[in-house]
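What the sequence shown shows, in the working numbering, is residues 80 to 417, in sequence order. For every residue, glycine included, the Cβ atom is placed at its ideal position computed from N, Cα and C. If you're wondering where the values come from, they're calculated on a predicted model, not measured in any experiment.
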Amino acid sequence: MSLSPESMAEDTLEYDPDSPYAKNQNELYRMLRQGASFSGNERHCCFLNLQNGRFATISAVSGFDFLDDGRGLALVDWDQDGDNDCWIANRTGPRLRLLRNDRDDQNHFLAVQLEGVHCNRDAVGARVDVVLRSSDPSRPPTTLCKSLHAGEGFMAQSTKCLLFGLGQNTDIAHVLIRWPNGTQEQVDGLVADRRYRIVEGTSTATEVTINTTSPLTAGTVTPGKSEPQIVARLTGPVPLPHVEYEGFDRVKHDLSPYHGSPVLLHLWASWCVPCLHELNEWSQNATSFNDINLRVIALSVDGLDPQHNTDSNDAESALQKIGFPFHGGIANAALLQR
């Protein structure tokens, strides 16, 4: 909690506008004024537990690395096939995503639903240990542990059904429950690939029938009427590589003078009839381009196609013929490769 100063002396601390703190504060204010996002433009991440104290990112191969400005993540076995699926809430569109976990790896699971009697009814705070026997008698049993929470992450609530991934092991020795009030309870006789409901104090598990969800059928989407747009903004803009070209004056140019301004980079050829019609139309509407500060650079590819016997002189003559008011130049093979 912040406190107001008790004297003027406490409120007259020396302020250095050139200090790193002041510069960072000004940058923060600039972002606020521009409506910038403080957690956007960051791809979602997914990490794989290597079971050796390390994690590996599988964000791309898992299909998890969307550019959404994500906020909440909730886990639930939505299709009830024994593995957790993900619901993601975003600040940007789409506001809600369902990521189904459809790996067909033939692994096994155990699902446990708890109901408190002497503690809270949802058994929030309970801890469940699933003890698995080892196929090798010389090795100790494996214990899988999970706790039941009322909320996880930022403004998210995952399912209250505790889902344990058993891998290839289906030999369940017993389940040990530590209820929120401190009592412990052991339940035996559970079988893999089942869902059970356990009520506090009964020491028994009741199998829950799996209700498979109805298949989702895609509806008919009627495309809306397209509206002409001057600018199409990409969700994930790809930076343009360094572009260097030769002007008709045989001087090397690049795009550095246009940094921070929109640039229309057009590749054309003097033998391309649609290109000439397009350039002529742009020339007639040059005022519209200038009004929105859009720079146009027409780079000719004449001489790069062996099927057409043209060169840069033909391109320069074509632009002069239509009175092209924008900048023109010559593209080479290296530029096209970039």
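Check: Ends of the alpha helix (DSSP H) at Gln397?; Outcome: According to the sequence as given, residue 397 is Ala; it is not Gln. Per DSSP, Ala397 belongs to the alpha helix (DSSP H) from 391-401.
Check: What is the C-beta distance between Arg182 and Phe145, in whole angstroms, given that I count them as a contact (C-beta under 8 Å)?; Outcome: About 19 Å; that fails the 8 Å criterion.
Check: Under the three-state reduction of DSSP, which class applies to Gln418: helix, strand or coil?; Outcome: Given a span of 80 to 417 for the chain in the structure shown, any question on residue 418 remains unanswerable.
Check: Report the rounded CA-to-CA distance for Cys351 versus Asp381, giving the unit in angstroms.; Outcome: 10 Å
Check: What separation, rounded to the nearest whole angstrom, lies between the Cα atoms of Glu89 and Asn369?; Outcome: Its pLDDT being 46, under 50, Glu89 is placed unreliably by the model, and the measurement read from it follows with that caveat. Between Glu89 and Asn369, the C-alpha separation is close to 54 Å.
Check: Once the 5 residues before and after His187 are set aside, which same chain residues still bring their CB inside 6 Å of it?; Outcome: Leu245, Thr249, Ala271, Asp272
Check: Looking at C-beta atoms only, is the number of pairs between the segment 256-265 and the segment 187-199 that lie closer than 8 Å three or more?; Outcome: yes
Check: Below 8 Å, how does it come out for the segment 224-231 and the segment 199-207: are there three or more Cβ pairs, yes or no?; Outcome: yes
Check: Please work out which residues of its chain come closer than 7 Å, Cβ to Cβ, to Asp201, disregarding the five sequence neighbours upstream and downstream, and give them in chain order.; Outcome: Gly195, Lys239
Check: Apply the 10 Å Cβ neighbour rule to Arg109 and answer buried if 16 or more other Cβ atoms are within range, or exposed otherwise.; Outcome: exposed
Check: Give the DSSP bridge partners of Lys225, in chain order.; Outcome: Val207
Check: Restricting to Cα atoms, I'd like to know which of Asn180, Asp148, Asn169 is closest to Val155.; Outcome: Asn180
Check: CB-CB under 8 Å to Gln399, same chain, minus the five flanking residues each way: which ones, in chain order?; Outcome: none
Check: Near Leu383, what residues of its chain come up, given a Cβ to Cβ distance below 8 Å and the 5 sequence neighbours on each side ignored?; Outcome: Ala410, Asn411, Ala412, Leu415
Check: For the candidate residues Ser362, Pro173, Gln265, whose alpha-carbon lies nearest to that of Ser282?; Outcome: Gln265
Check: If Cys165 and Leu178 are in contact, beta carbons under 8 Å, what's the gap, nearest whole angstrom?; Outcome: 4 Å
Check: Taking its Cβ as the centre, do 16 or more other Cβ atoms sit within 10 Å of Leu319, making it buried, or is it exposed?; Outcome: exposed
Check: Consult DSSP for Asp370 and reduce its assignment to one of helix, strand or coil.; Outcome: helix
Check: Just to confirm, are Asn392 and Pro341 a CB contact at a threshold of 8 Å?; Outcome: no
Check: Between Val210, Pro216, Gly326, which has its C-alpha nearest Leu223's C-alpha?; Outcome: Val210
Check: By Cβ distance below 7 Å, which residues in the same chain neighbour Leu129 in space, the five residues on each side in sequence not counted?; Outcome: Ala135
Check: Alpha carbon to alpha carbon, what distance is there between Thr171 and Ala397?; Outcome: 46 Å
Check: Exposed or buried, Asp147, counting other C-beta atoms within 10 Å across all chains shown (16 or more means buried)?; Outcome: buried
Check: Assign Met80 to one of two classes, buried (16 or more other C-beta atoms within 10 Å of its C-beta) or exposed (fewer than that).; Outcome: With a pLDDT of 49 at Met80, under the threshold of 50, the modelled position of this residue cannot be trusted; read the value that follows with caution. With fewer than 16 Cβ atoms within 10 Å of its Cβ, Met80 is classed as exposed.
Check: Quick check: what's the CA-CA separation for Pro96 versus Arg112?; Outcome: 19 Å
Check: Quick one: Cα of Phe126 to Cα of His345, how far?; Outcome: 42 Å
Check: Just mark Ile167 as buried or exposed, buried being the case when its beta carbon has 16 or more other beta carbons within 10 Å.; Outcome: buried
Check: Span of the alpha helix (DSSP H) holding Lys102?; Outcome: 99-112
Check: Write down the C-beta distance between Ser214 and Pro220 rounded to the nearest angstrom, noting that I regard them as a contact closer than 8 Å.; Outcome: With a Cβ gap of about 11 Å, Ser214 and Pro220 do not count as contacting.
Check: Can you say whether Tyr100 is buried or exposed, counting buried as having 16 or more other CB atoms within 10 angstroms of its CB?; Outcome: exposed
Check: Can you tell which of Leu269, Tyr337, Arg274, His406 has the C-alpha that lies nearest to the C-alpha of Ala365?; Outcome: His406
Check: Would DSSP call His197 helix, strand or coil?; Outcome: coil
Check: According to DSSP, simplified to helix, strand and coil, what is Gln247?; Outcome: coil
Check: Distance, Cα to Cα, Phe327 vs Gly339?; Outcome: 25 Å
Check: Would you decide whether Arg454 is buried or exposed? Buried here means 16 or more other CB atoms lie within 10 Å of its CB.; Outcome: Since the displayed the chain opens at 80 and closes at 417, residue 454 lies outside it and no answer follows.
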